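Notes for the one structure printed next.
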Amino acid sequence: MSESLLFLIPLLPLCCAVINMLFGMRLPRLFAEIMAVTGVAGAFLLTILFWGYAEGEGTRVVIFTWLNSGAVDVSFAMNFDRLAAPMTLMVTGVATLIHLYAVGYMHEEEDYARFFGLLNLFVFAMLAIILADNLLVLFLGWEGVGLCSYGLIGFWYRKLENAKAGTKAFLVTRVGDVFLAIALLWLFAATGTLNISEINAQAASISPGVVIALSLLLLLGACGKSAQLPLMTWLADAMAGPTPVSALIHAATMVTAGVYLLCRLFPLVSLSAVGMTAITAIGALTALYAATCAMAQREIKRVLAYSTMSQVGYMFMAVGAGTVTGAMFHLLTHAFFKAVLFMAAGCVIHLAGDENDIYKMGGMARRGPVELFWVFLAGAVCLAGLPLTGGFFSKDGILLALFTHPDPAYRVFWLIGVLTALLTAFYTFRLVYLVFAGEWRGTGHPHAIPLQMRWPLWPLALLGLVGGMLNLPALVGGDEMLHHWYGDLAGRAVTASHSTEWMLIGFAVAIVALGWFAAHWRYRNYRPPVENRVSRFLLNGWQADALVDRLLVRPFTVMARFCSSGCDRSLFDGTLEGLAKMATRYSALLVQLATGRATTYLSAFAWGFLVLLGWFLLKLVNGGGH
Amino acid sequence: MNAFANLPQFPWMSLLIMMPLCGALLCLLHGKRTNDCRGLALATALATFGVALYLFVCHGQGNERWLLYEDVNWIPAYGIRYVLAMDGIALLMVLLTAFMQISAVLLAWRVERHVGSFFALLLLLESGLMGIFLAYDLVLFYLFWEVALIPMFFLISVWGGEQRRRAALKFFLYTLVGSLCMLVAIIALYQINGAQTGAYTFVIGDLLKTQLTAAQEGWLFAGFLAAFVVKSPLVPFHTWLTDALTEAPAAGSLDLTGLLLKTGIYGLIRVAFPLFPNATADFLPILGILALAGLFHAAWSAYHQDDIKRLLAYSSISHLGLVVLGLAAWQLTAWEGSILLMVTHGITTGALFVLVALIRERTGTRSMQELGGLWGQAPCLAALFLLFSLASLGLPGLANFAGEILVLLGTFQEHPVWAVVALLGVVFAAAYMLRLVQGVIWGPAKAERTLPDLTMREWLMLLPMAILVVWLGLYPAPFLAPLHGAVATLLAGGLP
Amino acid sequence: MMIPFGHALSFAAALFVLGLTCVLLRRQVIMILIGVEIMLNAASLVFVSASAYWQQVDGQVFVILLMAITAAEVAVALAMVVYLWRRKRTLVADEFNGMSG
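Quick mapping for you: the protein sequence lines, in order, are chains A, B and C. Using this note's numbering, you'd call the opening residue of the first sequence number 457 and step up by one each time. Using this note's numbering, you'd call the opening residue of the second sequence number 577 and step up by one each time. Using this note's numbering, you'd call the opening residue of the third sequence number 3 and step up by one each time.
And the structure:
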């Protein structure tokens, strides 16, 4: 297989997306659905086929020139290297399963062409981010995922709240994109190139102050897409979209794009200690914040949304601690178990008659197909970090990296990570108990669950459970496959004495047990929800929306009115109107001279004649005098 | 004049100017036969576009400074010559003009009253625009400047909306005041140059060699600026545009935003900057600040609007603020980005104005409070609306992004703060554009309507624009290629 | 010369001023025209006395010309007066202000 065919990997989903969007409604429905799934499945197969090209230094393919002006010479080019390959495999694989799920989930939807077109376009954009050779193509994919997210969150546009949620997502992530764009411009000015490999190679020669600024800007850019503080308000509302969208975009792929960006530019970002601390701090604070909010949520998907925010915080902490392997490991396992959780949640919502509130569910274990409970439980234990699951190994790897970091300040972050793990276990089992245990509390009528919605859950659940094999630590006899695959891209090698590692593992097990116990004690037998100020505060995400509204949205609207009515109408137009009025008034004054009467004009002649006569006489007198 | 020695002899440029003029005369004479008029106008527009396309494909892909040149003695007693010159920048502008006029003619297909006069004015406007972009003699430039002004006035005041008289008068007086300042400056420059060299001439190439004192240069530059700054438009001289665009008939709005605004910026590039380099160098920081102010002021004002046409008018001002910022950076990449952005802005905003006209025809309203849910009623229309809105807000892969990113990359090299501030304006663009999209195509339908989707004529207008939007976003290289030679020389000092 | 030139000129000046006063102060159109006549006669007087002073006959020739012009002008003016009367049944000059503003 020629390496120049690598561009087919992102091209396949793009073509299927375009065909679906343009002609999808005219094709038979099955054809459109098959095309959508094939687009992504084909990309998955191609990735496996071309896997060999990623080894060593990777393979670079240039497609055509995009912009060529002066010093700017940017092409559409992709770089299939060791960092990109596992991510591509994960994205295409999980996307294929979610596409299958979506075929079942949306089988009653009439506007299927738009949905599948957007879903495929999203996969293309995500692949553009992953495989980008230069920052401009990455930016194209970056904005592309934002666009598709906007279109898919607001897919059921007839309800205005959905459209507004989509707009909010787009705008908040765009704020993050501004910071990324500033970093892009600055990098071009500093290094003269936008090529990622060249930037990484030249990173050491950029002045330290600039490096700190750049890493902070990149961090803020990543925060936008990954829904970290302070740009996180869009993720919870994004659950207004269909469940396959939440599973794909807001669990596995788009929210991890920020982490991927930081890993891609790791040689640059890791040069500044301030930057790394900032990344870890943001990750830690977000993880804690999101975990507290998840404890009080009532809608099943919002719990999972905040949980995603929290887990992505862990990934940020890993990057800040210096280990790319840790971050990517958690990224991969999280993709598996969070996707399965979302998809199972979609099944649960169907069974509850389109009811989202977990307090109105219960007894789902008996109401639905038996596998639903086991699949959901599999995802839940991975999320909580039960020993030997994939989630356990990946989370533990991050906590180890934080604990063993040379800078002792990182122990604080480690502590926050542990606390968050406790809360994670708590809210995860809260969810499981409220949804599956006890008696059915709801009133809705269940919808049947199509086959396509059920069997994609199994591979993902299994992958989540055994995902630890990807990077099994040497402590338990594993070979750290992922770490060795990444080689010199892996960041800091995390080493610790065996006793430290066992101590930390024991600690983690104790935390999970404690969290489970607390949830069991409180939620095993149903109690009505508590409504007090604390729970409302947590439910509304620490009133972040209200804060943003008061600090940003309202001043913006006031300024808009000022500019439009105050400035344009009153000041600029007012000045012109004033000038026009002055002219009219002056003209009115002058008009008084034109009386239309002959006698007035005759008087004017006489006076004028007098003045002229006087002037001539004066001239005569003066001239005669000299 | 050696730079002009090896250029083709056939008078292509005069053809570009004369063809629409003849078409206009014929339309005027046969005004009663509406179908013939429409066909004639469309044929003329297509023929002009054919010539422009030929020039672009055959002569435009090189790196030379000048592409075409024509020189005929006109009024020797005053040194006025009929000189036309085309370089890469003019070529792109001419191509854009020819392309947009086809859409304008198609958009005006359903005009009821005084059909012959309408098309005649439209074609006269095209002729004037071509002249502005091609003229190389100052009197000729001024002549075409005014020729482009008068049809616009009549288009607005006869076929426009409710407040048309006021809007047309405001437009006319505002731009005329600027033009008269420019006329005074032209004559003064002519006199000064004549007194110095003994050869009284109006040709721009010859006037470049004039030696001016600082005071003279400042005043003359201000005179030219008065005309160009009003036409650009630069805040705070922009209030005529919002009224004019809102009240103009559909084809008039298309021409106004797509083409007439570009003449101001083109005038800066072709006339003002090369003739007065020292005054330009002093003025550039102010120009940059004004451009940024315009970017934000217009974006904020756009957010407040309820009338979608007015919102798009403000968005035009905002985009052109970014264009002028690129010019003020005085950097190669930024200039090429600015010119590309001018072309792409013409197409995207023009397409949006077409769609607004179509929506108005179908629903009878332009207010966002009464619109909504259009996607369910007319999916193709709504999908194109979304496409062009996304292109307008600068989504990578679509038209405006290519120009914008080049402007930002170039500006950052010279004035990083400006580029950062301009990026913030990008968020504002997303805010008002998404508000527009949400108000028009998402949400529940506010009134029960059955709307016809796009007809063949409307597809003919919009499909080429959609294809161009994607093409320019992904592969703008053939449109950037003609610019290299011209821009490099203009930045270095401008001769010849 | 029998009469000093200065006397004739002052007389003509006084006559001119009287004519001017008549034009400016009278309201009736016909009286204004009479004032104009008086001014014209004053001018003629200047011409005649100048011709007598310098012993050139040109002044007197011009007076004959002036009389002819005056006669023609009076004819036209009186025709217009008749028309004005028919329009508004009044001959007060101030009434005819249709060109105001």
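We put the beta carbon where it would ideally sit given N, CA and C, even for glycine. Please read these numbers as outputs of a predicted model, since none were measured by experiment.
- Item | Where the alpha helix (DSSP H) through Thr548(A) begins and ends | Working through the first sequence from its first residue, we reach residue 548(A) at position 92. Counting along the chain, the alpha helix (DSSP H) containing Thr548(A) begins and ends at Ala540 to Tyr561.
- Considering only the beta carbon of each residue, do Phe722(A) and Val634(A) sit closer than 7 Å? Translated into the one-based positions of the first sequence, residue 722(A) becomes position 266. Translated into the one-based positions of the first sequence, residue 634(A) becomes position 178. Cβ atoms of Phe722(A) and Val634(A): not closer than 7 Å.
- Residue from Leu616(B), Ser590(B) and Gln585(B) whose Cα sits closest to the Cα of Ala600(B): Translated into positions along the second sequence, residue 600(B) becomes position 24. Comparing alpha carbon positions, the residue from Leu616(B), Ser590(B) and Gln585(B) closest to Ala600(B) is Leu616(B).
- Please name the residue in Trp998(A), Phe595(A), Ala678(A) and Leu833(A) whose C-alpha comes closest to that of Arg886(A). If you number the first sequence from 1, residue 886(A) lands on position 430. Considering only alpha carbons, the answer is Leu833(A).
- Query: Are Ala867(B) and Ala927(B) close, meaning C-beta to C-beta below 7 Å?
  - Reply: Counting from one through the second sequence, the residue named residue 867(B) turns up at place 291. Counting from one through the second sequence, the residue named residue 927(B) turns up at place 351. No; because the gap between Cβ atoms is not below 7 Å, this pair is not in contact.
- Message: Can you give me the C-alpha to C-alpha distance between Trp977(A) and Trp951(B), rounded to a whole angstrom?
- Response: Here the question's residue 977(A) lines up with position 521 in the first sequence. Here the question's residue 951(B) lines up with position 375 in the second sequence. Taking the Cα positions, Trp977(A) is about 50 Å away from Trp951(B).
- Query: Where in the region 852 to 889 of chain A do unbroken runs of the alpha helix (DSSP H), each at least 4 residues long, occur, reported from the N-terminal end onward?
  - Reply: If only uninterrupted alpha helix (DSSP H) runs of at least 4 residues are considered, none is enclosed by the region 852 to 889 of chain A.
- Message: Am I right that Val547(A) and Val517(A) are in contact with their C-beta atoms under 8 Å? What's the rounded C-beta distance?
- Response: Here residue 547(A) is taken as the residue at index 91 of the first sequence, counted from 1. Here residue 517(A) is taken as the residue at index 61 of the first sequence, counted from 1. The pair is not a contact, with the Cβ atoms about 18 Å apart (cut-off 8 Å).
- Residues from the region 45 to 76 of chain C in contact with chain A, defined by Cβ distance under 8 Å: So the list is empty, because no residue satisfies the distance condition.
- Interface partners of Ala95(C) on chain A, CB under 8 Å: For the purposes of this step, residue 95(C) is taken as the residue at position 93 of the third sequence. The answer, in chain order, is Arg1053, Ala1054 and Thr1055.
- Query: For Phe1065(A), is the classification buried or exposed, using 16 other Cβ atoms within 10 angstroms of its Cβ as the cut-off for buried?
  - Reply: For the purposes of this step, residue 1065(A) is identified with residue 609 of the first sequence, where counting begins at 1. The residue in question, Phe1065(A), is exposed, as its Cβ has fewer than 16 Cβ neighbours within 10 Å.
- Short CB-CB distance (under 7 Å) between Gln953(B) and chain A: One-based indexing of the second sequence puts residue 953(B) at position 377. Cβ-Cβ to chain A under 7 Å: no for Gln953(B).
- Residues near Thr72(C) in its chain [Cβ-Cβ closer than 6 Å; skip 5 each side]: To locate residue 72(C), count along the third sequence from 1; it is residue 70. Within the same chain, Thr72(C) has close Cβ partners Leu42.
- Query: Under 7 Å between C-beta atoms, does Val84(C) make it to chain A?
  - Reply: The residue you call residue 84(C) lines up with position 82 of the third sequence. Chain A contact via Cβ: absent.
- Identify the continuous beta strand (DSSP E) that holds Leu660(B) and give its terminal residues. What you label residue 660(B) is simply residue 84 of the second sequence in a count that begins at 1. That run of the beta strand (DSSP E) goes Ile656 to Asp663.
- Message: Could you give the first and the last residue of the continuous alpha helix (DSSP H) run that contains Asp782(B)?
- Response: The residue given as residue 782(B) occupies position 206 in the second sequence. From DSSP, the alpha helix (DSSP H) with Asp782(B) extends over Ile780 to Leu783.
- Message: Quick check: the region 807 to 814 of chain A against the region 896 to 914 of chain A, are at least 3 beta-carbon pairs closer than 8 Å?
- Response: Verdict: yes, contact present.
- Item | Interface positions of the region 637 to 661 of chain A facing chain B (Cβ-Cβ less than 8 Å), listed along the chain | Close to chain B, meaning a Cβ-Cβ distance shorter than 8 Å, are the following residues of the region 637 to 661 of chain A: Ala637, Ile638, Leu641, Trp642, Phe644 and Ala645.
- Item | Tyr645(B), DSSP secondary structure in three states | Numbered from its first residue, the second sequence carries residue 645(B) at position 69. Tyr645(B): strand per DSSP, three-state reduction.
- Query: Listing by chain order, which chain A residues have their CB less than 8 Å from the CB of Leu22(C)?
  - Reply: Locating residue 22(C) in the third sequence gives position 20, counting from the first residue. The answer, in chain order, is Ala1062.
- Message: Using beta carbons (cut-off 7 Å, strictly below), is Gly37(C) in contact with chain A?
- Response: Here residue 37(C) refers to the residue found at position 35 when the third sequence is read from its first residue. So no, Gly37(C) is outside the interface.
- What is the DSSP secondary structure of Ile839(B), counted as helix, strand or coil? Along the second sequence, one-based indexing puts residue 839(B) at 263. According to the sequence shown, residue 839(B) is Thr rather than Ile. In this structure, Thr839(B) counts as helix in the three-state DSSP scheme.
- Could you work out which residue in Met481(A), Ala569(A) and Trp830(A) is closest to Pro915(A) when comparing CA atoms only? As a position in the first sequence, residue 915(A) is number 459, starting the count at 1. Of the candidates Met481(A), Ala569(A) and Trp830(A), the one whose C-alpha sits nearest the C-alpha of Pro915(A) is Trp830(A).
- Per-residue contacts from Ala1050(A) into chain C (C-beta, under 7 Å): Numbered from 1 along the first sequence, position 594 holds the residue referred to as residue 1050(A). One finds Ser102 and Gly103 in chain C with Cβ atoms closer than 7 Å to the Cβ of Ala1050(A), taken in chain order.
- Query: Looking only at DSSP bridge pairs, what is Asn656(A) linked to?
  - Reply: As a position in the first sequence, residue 656(A) is number 200, starting the count at 1. Looking at the DSSP assignment, Asn656(A) forms no beta bridge with any residue, so it has no partner.
- Taking C-beta pairs closer than 7 Å, name the residues in chain C that Leu1027(A) reaches, listed in chain order. Walking along the first sequence from the start, residue 1027(A) turns up at place 571. Contacts between Leu1027(A) and chain C, judged by CB atoms closer than 7 Å, are missing: the closest CB pair is about 34 Å apart.
- Query: What does a CB cutoff of less than 8 Å around Pro912(A) pick up in its chain, not counting 5 residues either side in sequence?
  - Reply: Counting from one through the first sequence, the residue named residue 912(A) turns up at place 456. If the five residues before and after Pro912(A) are omitted, its C-beta is found closer than 8 Å to the C-beta atoms of Leu553, Ile554, Leu556, Tyr557 and Met799, all from its own chain and listed in chain order.
- DSSP state of Ala669(A), grouped into three classes? As a first step, residue 669(A) is located in the first sequence; it is residue number 213 there, counting from the start. Helix.
- Would you mind giving the Cβ-Cβ distance between Asn576(A) and Pro469(A), rounded to the nearest angstrom? I have them listed as a contact below 8 Å. Working through the first sequence from its first residue, we reach residue 576(A) at position 120. Working through the first sequence from its first residue, we reach residue 469(A) at position 13. Asn576(A) to Pro469(A), Cβ: 5 Å. Contact.
- Determine the direct distance from the alpha carbon of Gln999(A) to that of Glu793(B), and round the result to whole angstroms. Within the second sequence, residue 793(B) is the residue found at index 217, counting from 1. Within the first sequence, residue 999(A) is the residue found at index 543, counting from 1. Straight across, the Cα-Cα distance linking Glu793(B) with Gln999(A) is about 59 Å.
- Taking 7 Å as the CB-CB cut-off, is Ser1043(A) touching chain C? The count along the first sequence starts at 1 and reaches residue 1043(A) at position 587. No, no contact with chain C.
- Message: Tell me which residues share the same chain as Leu583(A) and place their Cβ nearer than 8 Å to its Cβ, disregarding the 5 neighbours each side in the sequence.
- Response: Your numbering for residue 583(A) matches position 127 in the first sequence. Shown here for Leu583(A): same chain residues with a beta carbon closer than 8 Å to its own, the five before and five after excluded, namely Ile465, Pro466, Pro469, Ala499, Thr544, Val547, Thr548 and Gly597 in chain order.
- Paired residues, beta bridge with Val528(A) - DSSP: In the first sequence, counting from the first residue as 1, residue 528(A) sits at position 72. DSSP lists Ser525(A) as partners of Val528(A).
- Would you say Glu912(B) faces chain A, with C-beta separation under 7 Å as the test? Here the question's residue 912(B) lines up with position 336 in the second sequence. Chain A, which has a Cβ nearer than 7 Å to the Cβ of Glu912(B), makes this yes.
- Item | Other residues of its chain near Ala869(B): CB distance less than 6 Å, five sequence neighbours each side excluded | The residue you call residue 869(B) lines up with position 293 of the second sequence. Close CB contacts of Ala869(B) within its chain, under the 6 Å cut and outside five residues either way in sequence, are with Val811 (chain order).
- Item | Delimiting residues of the alpha helix (DSSP H) encompassing Ser458(A) | As a first step, residue 458(A) must be located in the first sequence, where it is residue number 2. Unbroken run through Ser458(A): none, as it is neither H nor E.
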